[in-house]
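Using UniProt numbering, read the sequence shown as starting at 1 and increasing by one per residue.
Backbone N, C-alpha and C define an ideal beta-carbon position, used for all residues, glycine too.
Predicted model only: the values in this text are computed from it and were never measured.
Since the structure comes first, as structure tokens, the remarks are kept for the end.
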Amino acid sequence: MHLGEKVVYQLYPKSFQDSNNDGIGDLRGIIERLDYLAELGVDMIWLNPFYPSPQNDNGYDVSNYTDIDPIFGTMEDFEELVEKARQLKIELMLDMVFNHTSTEHEWFQKALAGDKYYQDFYYLRPAKEDGSLPTNWHSKFGGPAWSRFGDTDQYYLHLYDVTQADLNWHNPNVRKELYKVVNFWLDKGVKGFRFDVLNVIGKDPVLIDSQAPNSAQEKSLYADTPIVHEWIKELNHASFGKRTDIITVGEMSSTTVDNGVKYTNPQSDELSMIFNFHHLKVDYDEGEKWSDVPFDFIELKEIIDEWQKGMSDGGGWNALFLNNHDQPRSNSRFGDTTRYPYETATMLAQSIQFLRGTPYIYQGEEIGMTNPAYEKIDQYDDIETRNMHKILLEQGKSSQETMAIIQSKSRDNSRTPMQWDDTKNAGFSQGTPWVEVPENYEEINVTQEIQREGIFKFYQQLIQLRKEYDVISKGTYEGILLDHSQVMGYIRRYQEEALLVLTNYYDEPASVELPTEFSGKEVKYLHGNYKGFKHQKIVHLRPYETISLLVSKKS
């Protein structure tokens, strides 16, 4: 199957389905819900980490790469999941967290105990002569990126949480150990891998101060460096690249189109596709994530256009998404979930999924789940959110202003339990969920959504159309209406087919003049989220309306 025909469903195990009522989702819960995913029509499930972990960063602090954390089940459960999913023609993609390990990982513990072999697995550096930290780098979770290494005079690097020590990829023994991990899971029947923050593995052997902490210049000291491409090639050749049916995706924060092409062009022998996040920073106030401002629609279109055109021209491949476990819900972010819940969810889905690339659907997106809007910081579990709440208050922001920012940007917005029905805890668990179920679960849940011609049905249709029409799965991309204040538009082309997609991102009607080739009688209305489309030279789009028109010159 062509990469463009596949659709991946991202599943957050901790919040999907709890089978033993301890309040935490688990592997057996996923097995219980496989029929639902088969009904939706997805080809692959990406599972967030379920490995042994102290859970300081919800499993992205791994203490053992080749086992199952007991809170999620057993290896036997995992093997059963692989087999039962395979019977439903669904493959599994696992999350590989290779930039860092938990400080509880055996390697770090041996390093702490004085083992020189394992000390070289991490970035250990002495303080500067004046006693200050080895560099002035900042952790992405707030505070300095260095902490004291046990009771020694050394410090270890952690670009993320203090319990997530960065691995030294310059050490070939580190790379060999990580390649073994990939091969271990390949042998278990895994067909896909998502590599966490993979473009930051290429720190220099000699680490230097940045010109401005937390700046783009600082990121350039460790992100997208040339050696990253060498190491990904080596990873490819030593593991998944030996097989022909494996899909890989790299999480590439702050990367460039040029690097994106290098990472994903098949001739590079690196990855199948990448995630980039530039389009999800359009509601950052002057680049600051922890802010609460309206999104910049023109910028959103320009970024999507740049990546679509650039990756297409260079032979690269995009992962298509608006949601994941680190992002607020896109419908709460870019639309109106109160007055136009169906229209918002479906217009976002079509405008993204009909682009060139492989679509990713994040759990709950297909039923219109929203941000929970918790009112107290204690309701949030995420370490980054809690850290930033404290920092925002220290910066002088009011409690009300701080909570508004937290409500709009917290990673917990997308991590709330899956809303299956209107019973206690939305059918997720009979126990107390690890994080609170949003109050709207009685109105927004799978049971209700499946019974109507709603968002779930719309997603099913999008998946089917991608498999049915080559112009969607394989076509080129051409951006149009880039300066229109309300409408996103683009044309996909493949052989004798052309597909026009128009989407109104606002609650006010918008008018668009159709390109000439789509105004003739042979044009087919392919898909949309309103009934009663009128085909005329000037199209009037209703609030949050999305349409797609197909022209085929095939006989």
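Helix, strand or coil, according to DSSP, for His-484 in the structure here? Within the sequence shown, residue 484 is the residue found at index 484, counting from 1. Note: His-484 maps to coil in three-state DSSP.
Does Asp-151 come out as helix, strand or coil in the three-state DSSP assignment? Translated into the one-based positions of the sequence shown, residue 151 becomes position 151. Coil at Asp-151, not helix or strand.
Alpha carbon of Ser-15 to alpha carbon of Leu-221, nearest angstrom: Counting from one through the sequence shown, the residue named residue 15 turns up at place 15. Counting from one through the sequence shown, the residue named residue 221 turns up at place 221. Their Cα atoms are separated by approximately 36 Å.
Contact under 8 Å by Cβ, Asn-272 with Thr-244: The residue labelled residue 272 in the question sits at position 272 within the sequence shown. The residue labelled residue 244 in the question sits at position 244 within the sequence shown. In the sequence on display, residue 272 carries Ser and not Asn. Not a contact, by the Cβ cut-off of 8 Å.
May I ask you to verify whether the segment 536–543 touches the segment 511–528, counting CB pairs closer than 8 Å and requiring at least 3? Yes: at least three Cβ pairs fall under 8 Å.
Per-residue burial, Leu-167 [other beta carbons within 10 Å of its own, 16 or more giving buried]: Within the sequence shown, numbered from 1, the residue matching residue 167 stands at position 167. Around the beta carbon of Leu-167, a 10 Å sphere encloses 16 or more other beta carbons of the protein chains shown; the residue is thus reported as buried.
Residue range of the alpha helix (DSSP H) that Ile-455 falls in? The sequence position of residue 455 within the sequence shown is 455, counting from 1. Run containing Ile-455: 455–468, per the alpha helix (DSSP H) assignment.
Which one of Ala-223, Gly-250, Gly-396, Pro-226 has the shortest CA to CA distance from Asn-236? Translated into the one-based positions of the sequence shown, residue 236 becomes position 236. Cα-wise, what sits closest to Asn-236 is Gly-250.
Is it buried or exposed for Glu-79, if we count other Cβ within 10 angstroms and need 16 for buried? Taking the first residue of the sequence shown as position 1, residue 79 is located at position 79. Glu-79 sits exposed, since fewer than 16 C-beta atoms from the chains shown fall within 10 Å of its C-beta.
Quick one: Cα of Glu-366 to Cα of Lys-233, how far? Stepping through the sequence shown from its first residue, residue 366 is reached at position 366. Stepping through the sequence shown from its first residue, residue 233 is reached at position 233. Within the model, the alpha-carbon separation for Glu-366 versus Lys-233 is close to 35 Å.
Can at least three beta-carbon pairs, one atom from the segment 313–327 and one from the segment 352–359, be found at a separation below 8 Å? Contact between the segment 313–327 and the segment 352–359 is present: three or more C-beta pairs spanning the two stretches fall below 8 Å.
So His-389 is in the alpha helix (DSSP H); what residue range does that whole segment cover? For the purposes of this step, residue 389 is identified with residue 389 of the sequence shown, where counting begins at 1. From DSSP, the alpha helix (DSSP H) with His-389 extends over 383–394.
For the 8 Å Cβ check, are there 3 or more pairs between the segment 150–168 and the segment 201–208? Touching, yes, given that three or more Cβ pairs across the two stretches are closer than 8 Å.
Under the rule that 16 or more other beta-carbon atoms within 10 Å means buried, what is Gln-211, buried or exposed? By one-based count along the sequence shown, residue 211 stands at place 211. Gln-211 is exposed by the Cβ-count criterion.
With hydrogens ignored, establish whether the beta-carbon of Gly-520 is closer than 7 Å to any heavy atom of the ligand SAM. The model depicted lacks the ligand SAM and carries no ligand whatsoever.
Does the segment 34–51 come into contact with the segment 90–99, if we say contact requires no fewer than three beta-carbon pairs (one atom in each stretch) closer than 8 Å? Flag = yes, the segment 34–51 and the segment 90–99 touch.
Would you say Pro-54 and Ser-102 are within 8 Å of each other, going by their C-beta atoms? Within the sequence shown, numbered from 1, the residue matching residue 54 stands at position 54. Within the sequence shown, numbered from 1, the residue matching residue 102 stands at position 102. Yes. Within cutoff.
Spell out a yes or no on whether the segment 22–31 and the segment 333–348 are touching, meaning 3 or more CB-CB pairs, one atom from each, closer than 8 Å. The answer is no - the segment 333–348 does not touch the segment 22–31, with fewer than three Cβ pairs under 8 Å.
Is it true that the CB of Val-523 sits closer than 8 Å to the CB of Leu-481? One-based indexing of the sequence shown puts residue 481 at position 481. One-based indexing of the sequence shown puts residue 523 at position 523. The answer is no: Cβ separation not under 8 Å.
Please report how far the alpha carbon of Trp-137 lies from the alpha carbon of Leu-207, in whole angstroms. The residue labelled residue 137 in the question sits at position 137 within the sequence shown. The residue labelled residue 207 in the question sits at position 207 within the sequence shown. Approximately 10 Å between the Cα atoms of the pair.
Within its chain, find whatever has a CB closer than 6 Å to the CB of Tyr-118; leave out the 5 residues flanking it on each side and keep chain order. Position 118 of the sequence shown, counted from the start, is the residue given in the question as residue 118. The residues are Trp-107, Lys-110, Ala-111.
Could you tell me if Gln-430 is buried or exposed, where buried requires 16 or more neighbouring beta carbons within 10 angstroms of its beta carbon? Here residue 430 is taken as the residue at index 430 of the sequence shown, counted from 1. The residue is exposed, with fewer than 16 neighbouring Cβ atoms inside 10 Å.
In the DSSP assignment, the alpha helix (DSSP H) including Phe-297 goes from what residue to what residue? The count along the sequence shown starts at 1 and reaches residue 297 at position 297. Residues 297–314.
Whole angstroms is fine: what's the gap from residue 560's alpha carbon to Asn-445's? Any question about residue 560 goes unanswered here, given that the chain covers just 1 to 555.
Buried or exposed: which applies to Tyr-525, given that a residue is buried once 16 or more other Cβ atoms fall within 10 Å of its Cβ? Within the sequence shown, residue 525 is the residue found at index 525, counting from 1. Exposed, because fewer than 16 other Cβ atoms sit within 10 Å of the Cβ of Tyr-525.
In the segment 166–207, which residue ranges form an unbroken beta strand (DSSP E) of at least 3 residues, counting only runs that do not cross its ends? Fully enclosed beta strand (DSSP E) runs of 3 or longer: 192–195.
Please list, in chain order, all residues of the same chain as Asp-77 whose beta carbon is under 8 Å from its beta carbon, the five residues on each side excluded. Locating residue 77 in the sequence shown gives position 77, counting from the first residue. Closer than 8 Å at Cβ, skipping near neighbours: Asp-26, Leu-27, Arg-28, Ile-31, Ile-68.
Measuring straight from C-alpha to C-alpha, what distance separates Gln-448 and Asp-422? Working through the sequence shown from its first residue, we reach residue 448 at position 448. Working through the sequence shown from its first residue, we reach residue 422 at position 422. The alpha-carbon atoms of Gln-448 and Asp-422 are separated by roughly 9 Å.
When the Cα atoms are used, what is the spatial distance from Leu-462 to Pro-134? Along the sequence shown, one-based indexing puts residue 462 at 462. Along the sequence shown, one-based indexing puts residue 134 at 134. Cα to Cα, Leu-462 sits roughly 51 Å from Pro-134.
Neighbourhood of Gly-189 by C-beta, 6 Å cutoff - its chain only, sequence neighbours within 5 removed: Here the question's residue 189 lines up with position 189 in the sequence shown. Annotation for Gly-189: Val-82 place their beta carbon closer than 6 Å to its own, counting only its chain and skipping 5 residues before and after.
Check this for me: beta carbons of Pro-13 and Leu-47, under 8 Å apart or not? Numbered from 1 along the sequence shown, position 13 holds the residue referred to as residue 13. Numbered from 1 along the sequence shown, position 47 holds the residue referred to as residue 47. A contact, by the Cβ cut-off of 8 Å.
Classify Ile-405 as buried or exposed, calling it buried when 16 or more other Cβ atoms lie within 10 Å of its own Cβ. Counting from 1 along the sequence shown, the entry for residue 405 is found at position 405. By the neighbour-count rule (16 or more Cβ atoms within 10 Å), Ile-405 is buried.
Under 8 Å, Cβ to Cβ, is there at least one residue of chain B near Leu-549? Within the model displayed, chain B is absent; a lone protein chain is all it includes.
Beta-carbon within less than 6 Å of Ile-377's beta-carbon, same chain only, minus the 5 sequence neighbours each way: which residues are those? Locating residue 377 in the sequence shown gives position 377, counting from the first residue. Counting only Cβ-Cβ distances below 6 Å, and skipping sequence neighbours, we find His-389.
Please work out which residues of its chain come closer than 6 Å, Cβ to Cβ, to Ile-303, disregarding the five sequence neighbours upstream and downstream, and give them in chain order. If you number the sequence shown from 1, residue 303 lands on position 303. Closer than 6 Å at the Cβ level, and outside the excluded window around Ile-303, lie His-278, His-279.
His-484 to Ser-351 span [Cα, whole Å]: Taking the sequence shown and counting its residues from 1, one reaches residue 484 at position 484. Taking the sequence shown and counting its residues from 1, one reaches residue 351 at position 351. Inter-residue distance for His-484 and Ser-351 is about 15 Å (C-alpha atoms, whole angstroms).
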